[in-house]
Each structure stands twice: as structure tokens, then as C-alpha cells.
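Colleague: Counting in the UniProt record's numbering, the sequence shown runs from 1 upward without gaps. For every residue, glycine included, the Cβ atom is placed at its ideal position computed from N, Cα and C. In this text the structure is predicted, and so the values were computed from the model without any measurement. One structure follows; several queries about it will come next.
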Amino acid sequence: MTLPAWTPILLAPLPGLISLSVIDFRDVSISFSLPNGDQRSVLNEVSFHIDQSQKTYLVGPTGSGKSTILRLLYMDLFPDSGVVQIGDYRSDQIERDDIPYLRRSLGVVFQDFQLLPDRTAYENVAFALHATGTSASEVQSRVTKVLGRVGLSHKHRSYPHELSGGEQQRVVIARAIANDPWVLLADEPTGNLDPSVADEIHELLLDLHKQGMTLFVATHDHRLVKSYSARTLAMMNRQVVEIDPETL
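Laid out in C-alpha cells, this is it:
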């Protein structure tokens with residue numbers, strides 16, 4: 001899939017983190033090693049910021065760097081140069097022991113669900129909370145609450161193979177918001193779903209945004225992006241540019 005032509009607006013790097021900015025990329029570059037020993041540049045001096053409670057789409061074809069952006073955000077990857085800042089956490093200063101604390105403040109939704117097949121919907125959500133040392137009573141309270149928020153209270157005893165694709169994605173969203181994150185990152189959250197189910201999942205994400213959560217969605221689904229008004233960024237020639245979604 002080829003992105004349409006437009007006049008890109010290159011986002012200037014910020015001189016400093018502004019008070020309402022929760023995500024800040026400053027001159028970020030990263031390359032990956034290929035099997036033959038060569039280097040493949042994925043991002044080249046990328047700069048952009050996302051403000052608190054903002055809803056933002058990131059579009060681009062497969063392999064353009066969208067997932068790399070998200071992996072840099074939850075610090076599964078680190079840039080070769082430049083700085084990624086999320087709240088008070090900076091990629092060039094964070095200690096390894098602090099990364100789990102960063103990730104607890106972020107909710108992450110993946111395309112491929114990544115649910116434990118031998119655990120129920122309830123147990124999949126609870127597992128993430130138990131891993132952070134949350135008390136049993138608090139786990140029960142939170143899991144019950146978030147399954148209700150995503151409309152799956154009646155499916156709490158169901159295993160992943162007993163759930164539809166849309167229901168599985170709802171469990172993933174419940175798991176992502178169980179720690180009350182202030183930023184929700186979604187990597188192709190509707191990529192494996194039929195259009196009608198994709199709309200339902202997207203509406204759920206938008207409801208969470210309306211409740212004050214910062215929402216950052218990487219997607220190649222131009223139909224969804226054009227259907228819901230929001231700031232739209234695009235991957236283009238290893239850069240991030242801001243576009244009018246109507247040009248998609």
C-alpha cells in the first residue's frame with residue numbers, strides 16, 4: 001500500500017518538554033541490523049509531541065516504522081540517537097529497574113491479542129495485576145470493574161478460544177486499562193477484525209479517550225481514520241509528518 005501524495009508538514013523539535021506534553025520525540029533515529037550485516041534505517045531524526053488527553057492516529061504502510069515508534073514509547077527499544085520522553089521518563093536517563101514502572105503507567109493494545117490460552121478472560125486480566133504485586137482484593141475489584149467497562153462481565157469465565165475476535169480484543173483492552181494508565185497505545189488494534197467489529201472496538205477506545213486518557217493509535221485502516229476526527233500523523237520516508245486525514 002502506498003501513501004498518497006501530500007505536502008508534508010515536518011514537526012519541529014521542541015526546545016523543551018512543554019507542560020501538557022506527555023509524549024515527546026526529539027530527533028530520534030534508529031536502525032536495525034540485517035542478516036548480511038548491513039544496517040536498515042527505520043527512523044531518521046523524527047520529532048513530534050503529543051499533549052495530555054489528545055487523540056492521535058499514526059498511519060503508514062506495513063514496515064514503515066509504526067510499530068517501532070510504539071516500541072520506543074514503552075522502551076522495548078532505545079534510539080540510536082535523540083530522546084524519547086514519556087512523562088518524566090527519558091530514554092537517555094531511565095534506569096533498567098524503572099522501566100516496569102513506566103510500563104505500568106501505559107496501556108498497550110496489540111493486534112494479535114497475546115492472551116494466555118489456558119486462562120479465562122478474568123484470569124488474563126488478573127494475571128497482569130498479580131505480576132505488579134496488587135493485593136488479591138484489589139485485583140478482584142479492578143478486574144470486575146474493567147471487564148464491565150469493556151462490556152464483558154458476562155464472559156469473565158470464558159477462555160480465549162470461546163470468544164470471538166472482537167471479544168478477545170475487549171479482553172486485551174481490559175488488561176491494558178487495569179492499572180488506570182494515563183496513556184493508551186494501540187498497535188493495529190482492529191487489524192484482524194471485520195469492519196463492523198472494528199468499529200465497535202474503535203468506539204470503545206474513543207470512549208476511554210473521552211474519559212481523559214491520552215490515546216495513540218497506529219493503524220493502516222484509513223477508513224477508520226477518516227471516520228473519526230483526530231490529529232493524524234503519517235510515516236513518510238523515515239520521518240513523521242502531520243497530515244489532513246481527508247487526503248488519505
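I'd like the span of the alpha helix (DSSP H) that includes residue 198, first residue to last.
Modeller: As a position in the sequence shown, residue 198 is number 198, starting the count at 1. 195 to 210 is the extent of the alpha helix (DSSP H) around residue 198.
Colleague: Given 8 Å as the limit, is there contact between the segment 62 to 69 and the segment 136 to 144, that is, 3 or more CB pairs closer than that?
Modeller: no
Colleague: Is DSSP giving residue 102 helix, strand or coil here?
Modeller: Taking the sequence shown and counting its residues from 1, the one referred to as residue 102 is at position 102. Three-state result, residue 102: helix.
Colleague: Could you tell me which residues DSSP puts in a beta bridge with residue 177?
Modeller: In the sequence shown, residue 177 corresponds to position 177, counting from 1. According to DSSP, which records beta bridges pairwise, residue 177 is partnered with nothing at all.
Colleague: Report the rounded CA-to-CA distance for residue 46 versus residue 103, giving the unit in angstroms.
Modeller: By one-based count along the sequence shown, residue 46 stands at place 46. By one-based count along the sequence shown, residue 103 stands at place 103. Cα to Cα, residue 46 sits roughly 22 Å from residue 103.
Colleague: On a Cα-Cα basis, can you pick out the residue from 247, 233 and 248 that is closest to residue 49?
Modeller: Locating residue 49 in the sequence shown gives position 49, counting from the first residue. With distances taken between Cα atoms, residue 49 lies closest to 233.
Colleague: Locate the beta strand (DSSP E) running through residue 82, then write down its first and last residues.
Modeller: As a position in the sequence shown, residue 82 is number 82, starting the count at 1. Start and end: 81 to 86.
Colleague: Using C-beta distances below 7 Å, list every residue in its chain close to residue 230, excluding the 5 sequence neighbours before and after it, in chain order.
Modeller: Position 230 of the sequence shown, counted from the start, is the residue given in the question as residue 230. The answer, listed in chain order, is 55, 56 and 57.
Colleague: Could you compute how far the alpha carbon of residue 93 sits from the alpha carbon of residue 84?
Modeller: Against the sequence shown, residue 93 aligns to sequence position 93. Against the sequence shown, residue 84 aligns to sequence position 84. One C-alpha to the other measures close to 10 Å.
Colleague: So residue 171 and residue 108 are supposed to be a Cβ contact under 8 Å. How far apart are they, rounded?
Modeller: As a working note, residue 171 is residue 171 in the sequence shown. As a working note, residue 108 is residue 108 in the sequence shown. Actually they do not touch by this definition, with Cβ atoms about 14 Å apart.
Colleague: For residue 16, is the classification buried or exposed, using 16 other Cβ atoms within 10 angstroms of its Cβ as the cut-off for buried?
Modeller: In the sequence shown, residue 16 corresponds to position 16, counting from 1. Model confidence at residue 16 stands at a pLDDT of 38, short of 50, so the residue's coordinates are unreliable; what they give is reported in the following sentence. In this structure residue 16 is exposed. Its beta-carbon is surrounded by fewer than 16 other beta-carbon atoms within 10 angstroms.
Colleague: Leaving out five residues on either side along the sequence, give the residues of the same chain with a beta carbon under 7 Å from the beta carbon of residue 175.
Modeller: By one-based count along the sequence shown, residue 175 stands at place 175. Only 124, 125 and 128 meet the Cβ criterion.
Colleague: Strictly by DSSP, which residues pair up with residue 31?
Modeller: Position 31 of the sequence shown, counting from 1, holds the residue named residue 31. Its beta-bridge partners are 41.
Colleague: With a floor of 4 residues, list each alpha helix (DSSP H) that falls wholly inside the segment 103 to 146, ordered by position along the chain.
Modeller: 121 to 131
Colleague: Beta-carbon within less than 6 Å of residue 177's beta-carbon, same chain only, minus the 5 sequence neighbours each way: which residues are those?
Modeller: Translated into the one-based positions of the sequence shown, residue 177 becomes position 177. If we look at residue 177 and ignore the five residues flanking it on each side, its Cβ neighbours are 107 and 146.
Colleague: DSSP state of residue 156, grouped into three classes?
Modeller: Against the sequence shown, residue 156 aligns to sequence position 156. Coil, per DSSP.
Colleague: Please report the straight-line C-alpha distance between residue 157 and residue 121, rounded to a whole angstrom.
Modeller: Residue mapping note: residue 157 aligns to position 157 of the sequence shown, counting from 1. Residue mapping note: residue 121 aligns to position 121 of the sequence shown, counting from 1. For residue 157 and residue 121, the distance between alpha carbons rounds to 6 Å.
Colleague: Are the beta-carbon atoms belonging to residue 53 and residue 209 less than 9 Å from one another?
Modeller: For this step, residue 53 is matched to residue 53 along the sequence shown. For this step, residue 209 is matched to residue 209 along the sequence shown. A contact, by the Cβ cut-off of 9 Å.
Colleague: Find out if the Cβ-Cβ distance for the pair residue 190, residue 201 is shorter than 9 Å.
Modeller: Here residue 190 is taken as the residue at index 190 of the sequence shown, counted from 1. Here residue 201 is taken as the residue at index 201 of the sequence shown, counted from 1. Yes, these two residues count as a Cβ contact at 9 Å.
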